[in-house]
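Following: one structure in structure tokens, then a few remarks.
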Amino acid sequence: MSAGPLVVEIIFTCALAAFLLHRYGDLKKQHLLITICCFISWYFSLMIIFILPLDVSLTFFRQCVSDHTTKSTTVAYTTLVTNSSHLYNITTNPQAYVNNNEVASSQKVSEYVDHANNSCEQPASYIPDQVLPILWRIIYWTSQVLTWLIMPMMQSYAKTGDFTVLGKIKSALIENAIFYGTYLLIFGICLIYVAAHVTIDGEKLKIIGVTASNTWGLFVLVLMLGYGLVDVPRSLWNKSKKGYTLSNTYFKIAKLSTEKTEAEEALEDVLEETRRTAEKIRYNHPLRKHMDTILTKCPESTRQSVRGKNDDFEDFNQPQDILCESTLVKLHKKVIRRSQIQRRTSILWANLINNALEWEDIDANMQNSERKYRHSDLTKGVYYFPWIRKIYSPAIEWYWICLVRPYVYMVGAGVLTIVSFMVVWSECLFFIKEPVLSLFAVFINLARENYDYVYIELASVLTIAYLCFCAYFSVFKIRVLNLYYIAPHHQTNEHSLIFIGMMLCRLTPPMCLNFLGLIHLDSHIIQDKKIEETSYTRIMGHMDVIAIISNGFNIYFPILIVLLCICTYFHLGNRILSAMGFQQFIGDDDMTQELINEGKELVAREKRKMERKNDAEARRKTWTERFGEASSNKDVPLSAERRERYTVPRSPDEDDRSELLKSIEPVDFREDAEDGLYAGGQNYGRGMNRNENGGYQSRLSRPTSSRPSGRAPKGIFDDV
1 MSAGPLVVEI IFTCALAAFL LHRYGDLKKQ HLLITICCFI SWYFSLMIIF ILPLDVSLTF
61 FRQCVSDHTT KSTTVAYTTL VTNSSHLYNI TTNPQAYVNN NEVASSQKVS EYVDHANNSC
121 EQPASYIPDQ VLPILWRIIY WTSQVLTWLI MPMMQSYAKT GDFTVLGKIK SALIENAIFY
181 GTYLLIFGIC LIYVAAHVTI DGEKLKIIGV TASNTWGLFV LVLMLGYGLV DVPRSLWNKS
241 KKGYTLSNTY FKIAKLSTEK TEAEEALEDV LEETRRTAEK IRYNHPLRKH MDTILTKCPE
301 STRQSVRGKN DDFEDFNQPQ DILCESTLVK LHKKVIRRSQ IQRRTSILWA NLINNALEWE
361 DIDANMQNSE RKYRHSDLTK GVYYFPWIRK IYSPAIEWYW ICLVRPYVYM VGAGVLTIVS
421 FMVVWSECLF FIKEPVLSLF AVFINLAREN YDYVYIELAS VLTIAYLCFC AYFSVFKIRV
481 LNLYYIAPHH QTNEHSLIFI GMMLCRLTPP MCLNFLGLIH LDSHIIQDKK IEETSYTRIM
541 GHMDVIAIIS NGFNIYFPIL IVLLCICTYF HLGNRILSAM GFQQFIGDDD MTQELINEGK
601 ELVAREKRKM ERKNDAEARR KTWTERFGEA SSNKDVPLSA ERRERYTVPR SPDEDDRSEL
661 LKSIEPVDFR EDAEDGLYAG GQNYGRGMNR NENGGYQSRL SRPTSSRPSG RAPKGIFDDV
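Residue numbers (UniProt numbering): 1 to 720.
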């Protein structure tokens, strides 16, 4: 008996959940409560995936012990009863026989149980039987409370526009009333149906709740698996085709460009409304603190423009439009939502542009005769540890990316295609007990007969992980309300992290129940009461659905998966959406080719913009290295006296806009020789000496002005 494997798996899943949450979320900016809830939901879902195989191996061991014990005890009791001397004792002194042989029989049975334990090889990860039920009970009910009660409330709480905690909670409850009401209606129908047939107690009520949750998860699972089992291998295969992947990326960029523009325009409209509202709410207004809360969600440029409109010389007692708190609540909610959509499109845009540039680099390096990989962005060839570049040299990088990696993708796609076929075959036939047609059940049974518990646990982990990956891959391929996304490098927002946690908690338990059905460890599937149940099914129930729709479930469940796989393989969904006007990537379509060309132009435009930015930074860096920090006029700190000389005073009748309209000439340039503002570069922006050849008038021969004047230096807009 060793708890080492269980402890290692718990620590490993904890580290994995923390790593994923750190990679996709921004822990510094997220609320602590959201981080804790997301971590628990991710952690517990991963624990189910990695600890369930251990439960499977322990179940097979208990099954072996049970089979040997049943045979041994049967032989023992038969021997005791049929023994002639014992029969004599029964007839002459029955009470003495019972008292004497109860001890003998119990000792005999104990000996046979010990013999059965010795006959069955114990797995290295064996733990006491009471450990896993306690663990599953904690994991299941915690995750269910999170996914059905707490996390939907947190999601609505984060999206509400109220300014107080009680107001946010009230709005979240109202928003979730439809959500909870729908599920309560379904639960009530099921409760009435069950009450009409059987008596209801607390245990049966719990079973109804678990069954309803599993029913929801199984039907969502059908949709996700039907898409993911086909699209995951195909996506990996398409990555081996350079031209296809690049064209698909161009297509996505062209489609996202329209969405990005619409999101930016919608956000700008909301920000303009925010500016107008902020101009009406002065610093002494009772709603000013709420307005400041809204402004914190706006970009810095909006806050600066609003700040300039609220100077102290304005008349704050003049009559303003009447505003109420509900108006600001609606405005706050719109700002939050529009900012989320704009941030989502911006992040997806940046990731797609980087992918397109990477594939263009691959295309350019394929014709490289030197066989050394060259990045268009030099920063991508620099690693945190310099010794990595020595091992992973440009030549090795070229051979890996241009020659080896495409074949690795092809082989991986072929392997995943075989696994997907095995899953679809087993999903269609795992309801059949004899003969065993589920491929996973066949392989697992062979390993059980040989006591190969390591293979059982490893195969179970890989199978469950692949099923989960296919399901979760489908979730983010299908746009959900145009709001949720997942992006690495700390770019996933809080709402998307909560959504991911909810989907993990809802889909992982029925996914694992489906796996137990594939390997014939669910007694309700194969209708065998003699098999040992896993601790998982004792706590989380069986792969059952609500009694109303249970009839024929083993028929339409596999049919739906097969139909969805066929539709996904032939792109029927994309073709239907394209016919309805929602353009999809179809290779032989004229509109698709137009969008590909448009995406290519957009990538070229972004590439030129990045090159200009890099060139400007390089020139600035070169200038700083040659002339030092003091050579740039914008880096020279101005004293209070000099700042007054270079600042145009503003009258109380002017605001920022009127001042900008009047300030035609530059206000930071002056021809005073004594000032020394441009002393760092003697000839920069000054041409020649003002007294040479009479080309310029002396300072005494011209009137002084509070507004600086003169010719601006050449080349100052080269960066633009």
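We put the beta carbon where it would ideally sit given N, CA and C, even for glycine.
- Three or more Cβ pairs closer than 8 angstroms define a contact, and the region 388–408 meets that threshold against the region 362–371.
- Distance between H524 and P558, taken at the CA atoms: about 17 angstroms.
- Contact annotation: the region 444–458 touches the region 43–61, with at least three C-beta pairs closer than 8 angstroms.
- Going by DSSP, R506 is part of the alpha helix (DSSP H) stretching over E494 to L518.
- Counted as a single uninterrupted DSSP element, the stretch harbouring M580 is not any alpha helix (DSSP H), since DSSP gives it neither H nor E.
- Put simply, of M580, V562 and Q584 the residue whose alpha carbon is nearest the alpha carbon of H571 is Q584.
- CA-to-CA, the gap between I139 and L6 works out to about 15 angstroms.
- The alpha carbon of E494 has as its nearest neighbour, out of I10, F12, L16 and F39, the alpha carbon of F39.
- Listed in chain order, the alpha helix (DSSP H) runs fully inside the region 150–219 are 151–159, 165–175 and 177–195, counting runs of at least 4 residues.
- At a Cβ-Cβ threshold of 8 angstroms, L229 and C470 count as neighbours.
- In this structure, H489 is the residue among M511, A177, E625 and H489 with its C-alpha nearest to the C-alpha of L27.
- Assignment of I531 by DSSP, reduced to helix, strand and coil, places it in the coil class.
- In terms of Cβ geometry, P123 and F61 form a close pair [threshold 8 angstroms].
- At least 8 angstroms separates the beta-carbon of V210 from that of G501.
- The alpha carbon of T537 has as its nearest neighbour, out of I207, L149, F44 and G188, the alpha carbon of I207.
- Residue range K242 to K280 is occupied by the alpha helix (DSSP H) that includes I253.
- In this structure, L560 sits away from G161, with a CB-CB distance that is not shorter than 8 angstroms.
- Distance check between N574 and each of T534, L504, W425 and K477 places K477 closest, using alpha-carbon atoms only.
- The distance from the Cβ of N355 to that of T492 is about 17 angstroms, inconsistent with a contact at the 8 angstroms cut-off.
- Collapsing the DSSP output to three states places A3 in coil.
- Residue burial is scored here from C-beta neighbours: A3 has fewer than 16 other C-beta atoms within 10 angstroms and is therefore classed as exposed.
- Around the CB of S393, fewer than 16 other CB atoms lie within 10 Å, so the residue is classed as exposed.
- Distances from the alpha-carbon of Q593 to those of Y244, E279 and L221 put Y244 closest.
- Distance check between P510 and each of N445, I281, I336 and L221 places L221 closest, using alpha-carbon atoms only.
- In this structure, the alpha-carbon of L504 lies about 12 angstroms from that of W148.
- By the C-beta density criterion, R448 is buried, having at least 16 other C-beta atoms within 10 angstroms.
- Within the model, the alpha-carbon separation for K609 versus E279 is close to 35 angstroms.
- Under a 10 Å Cβ-count criterion, L173 is classified as exposed, with fewer than 16 other Cβ atoms of the shown protein chains found around its own Cβ.
- Residue ranges of uninterrupted alpha helix (DSSP H) with 4 or more members, entirely inside the region 369–408 and ordered along the chain, are 386–391 and 394–398.
- In this structure, DSSP gives A487 a state outside helix and strand, which the three-state scheme calls coil.
- Within its own chain, the residues whose Cβ lies closer than 6 angstroms to the Cβ of K260, once the five positions on either side in sequence are excluded, are T345 and W349, listed in chain order.
- When only Cα atoms are considered, L577 and Y569 end up about 15 angstroms apart.
- The count of Cβ pairs closer than 8 angstroms, one atom from the region 514–534 and one from the region 429–440, reaches three, so the stretches are in contact.
- Judged by DSSP in its simplified three-state form, L27 adopts coil rather than helix or strand.
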